[in-house]
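One structure is given below, encoded as structure tokens.
Numbering (the working numbering), first residue to last: -17 to 222.
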């Protein structure tokens, strides 16, 4: 796994955003997946600014969501869709058909998985996927013990994931399941970018880089991908 260390969160956001811009420049109809959560917020800001300045054109690109908390929808504070929509999609001029995001309020999660799988298949595969890292090493909602051969699927959330969810929701919500792209889908992406920021991520970054491929540390499964790059700021690299 190739690792690049940059100065700080701002530099990290700019560097990751440039990877996305490069992918769209090479292939204007690229299929893009960017994780929700706090880590990519700076990336969204850089991409929106680049779009406004004419440095990137998303008019032919498509976007697919990485994951969602089951039971939460676009209107729920802290849902993945609410975060990505509010910080990114709503600030761009996009058509509805360019975006495919999990509906966490679906009455039929299995059908929702098939819908997202079909959207990705219609584009061949994801061209670039930008991932964060969970405190337990999860990728999307591929939790410890994740299988390498899954596509979109429903997941029973790990206790660590459930415990950190409060920071997104601002209140205690007993969310027990998520819906996520699987490792097979993620590993089929043409380019994989993993980003981590801040000293709180330093232990898991070190664990990932020092470990062999181990399903109990899902991010290590990415080591099987030929085009994966981990980008971290100095704080997240503190234990390397």
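Heads up, the beta-carbon is just placed ideally off N, CA and C, and yes, glycines get one too. Here the structure is a predicted model, which is why all the values come from computation and not from measurement.
Subject >> DSSP three-state assignment for residue 157, whether helix, strand or coil >> reply: Sequence index remark: in the chain shown, residue 157 carries index 175 (1-based). It is coil, neither helix nor strand.
**OP:** Give every residue of the same chain whose Cβ lies closer than 8 Å to the Cβ of residue 191, excluding the five residues on either side of it in the sequence, and list them in chain order.
**Re:** Looking up residue 191 in the chain shown gives position 209. Result list for residue 191: -17, -15, 212 and 222, in chain order.
Original post:
Smallest Cα separation from residue 194: which of -8, 139, 209 and 205?
Top reply: The residue labelled residue 194 in the question sits at position 212 within the chain shown. The candidate whose alpha carbon is nearest that of residue 194 is 205.
Subject >> Whole beta strand (DSSP E) elements within the stretch 162 to 191, 3-residue minimum >> reply: 173 to 178
Subject >> Supposed close pair residue 66, residue 47 - CB separation, criterion 8 Å >> reply: Translated into positions along the chain shown, residue 66 becomes position 84. Translated into positions along the chain shown, residue 47 becomes position 65. Confirmed, Cβ separation roughly 7 Å.
Subject >> Any 3 or more C-beta pairs closer than 8 Å across the stretch 56 to 75 and the stretch 17 to 33 >> reply: yes
Original post:
Which same chain residues, not among the five before or five after residue 105, have their C-beta less than 7 Å away from its C-beta?
Top reply: Here residue 105 corresponds to residue number 123 of the chain shown, with the count starting at 1. Within the same chain, residue 105 has close Cβ partners 13 and 44.
Original post:
Among the residues of its own chain, which have a CB less than 7 Å from the CB of residue 81, if the five just before and after it don't count?
Top reply: Indexing the chain shown from 1 puts residue 81 at position 99. Only 45 and 71 meet the Cβ criterion.
Original post:
With contact counted as at least three CB pairs below 8 Å, one residue from each stretch, are the stretch 171 to 183 and the stretch 126 to 146 in contact?
Top reply: no
Original post:
Three or more beta-carbon pairs under 8 Å between the stretch 97 to 104 and the stretch 115 to 130, yes or no?
Top reply: no
Subject >> residue 211, DSSP secondary structure in three states >> reply: The residue you call residue 211 lines up with position 229 of the chain shown. Of the three classes helix, strand and coil, the one that applies to residue 211 here is strand, per DSSP.
Subject >> Own chain, CB closer than 7 Å to residue 50, minus 5 neighbours either side, in chain order >> reply: As a working note, residue 50 is residue 68 in the chain shown. Cβ within range, chain order: 61, 62, 63, 84, 86, 160 and 161.
Original post:
Can you list the alpha helix (DSSP H) stretches of 4 or more residues lying completely in the stretch 81 to 126, in chain order?
Top reply: 91 to 104
Subject >> Distance between residue 8 and residue 155 (C-alpha atoms, nearest Å) >> reply: Within the chain shown, the letter at position 173 stands for residue 155. Within the chain shown, the letter at position 26 stands for residue 8. In a straight line, the C-alpha of residue 155 is about 42 Å away from that of residue 8.
Original post:
Below 9 Å between beta carbons: does that hold for residue 98 and residue 29?
Top reply: Position 116 of the chain shown, counting from 1, holds the residue named residue 98. Position 47 of the chain shown, counting from 1, holds the residue named residue 29. Going by C-beta atoms, residue 98 is not nearer than 9 Å to residue 29.
**OP:** Take the Cβ of residue 140 as the centre, count every other Cβ of all protein chains shown within 10 Å, and call the residue buried at 16 or more, exposed below.
**Re:** Taking the chain shown and counting its residues from 1, the one referred to as residue 140 is at position 158. With 16 or more other Cβ atoms within 10 Å, it is buried.
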